[in-house]
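Chemist: The opening residue of the sequence shown carries number 366 in the working numbering; numbering runs sequentially from there. Encoded as structure tokens, here's the structure I'll be asking about.
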Amino acid sequence: MGSSIKALHLLKPATDSFFFNFTKNGISSLPVSIKQRRSYSMKSSVLEPPDVPRLAETARISLTPQQVEEFAPKIRQVIDWFGQLQAVDLQSIEPAIRAGA
């Protein structure tokens, strides 16, 4: 199994996404549903500590044991931040067509 496929197994698809297709001349196709485009979510309370050696192998980089110890808490913090972003309720927020809207 390729390393990019292994990395995708770390994430679980949540739902199909809707997005706006912006062009120089304005907006085309509002909104567009793409089956291939998915959002991925993780709950921080369910996550295990990051397996840094496995992540490094998947990314095809080599890390010393000291680097593994250094990066593990940093990676965990980034994962926790994404968990906080995923926890934000956006159902009641209307999409803005432009920044000033």
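By construction, the Cβ of each residue, glycine as well, lies at the ideal position given by its N, Cα and C atoms.
#1: Measure the alpha-carbon distance for Val433 versus Gly448 and round it to whole angstroms.
#2: From Pro430 to Ile440, what distance separates their C-alpha atoms?
#3: Just list the alpha helix (DSSP H) runs in the region 407-454, keeping only unbroken ones of 4 residues or longer that don't cross its boundaries, in chain order.
#4: Roughly how many angstroms separate the alpha carbons of Glu422 and Pro438, rounded to a whole number?
Modeler: To lay it out plainly:
#1: Along the sequence shown, one-based indexing puts residue 433 at 68. Along the sequence shown, one-based indexing puts residue 448 at 83. So the two alpha carbons sit approximately 22 Å from each other.
#2: One-based indexing of the sequence shown puts residue 430 at position 65. One-based indexing of the sequence shown puts residue 440 at position 75. Taking the straight line from one Cα to the other gives about 15 Å.
#3: 417-423 and 430-452
#4: Here the question's residue 422 lines up with position 57 in the sequence shown. Here the question's residue 438 lines up with position 73 in the sequence shown. Looking at the two C-alpha atoms, the distance is approximately 18 Å.
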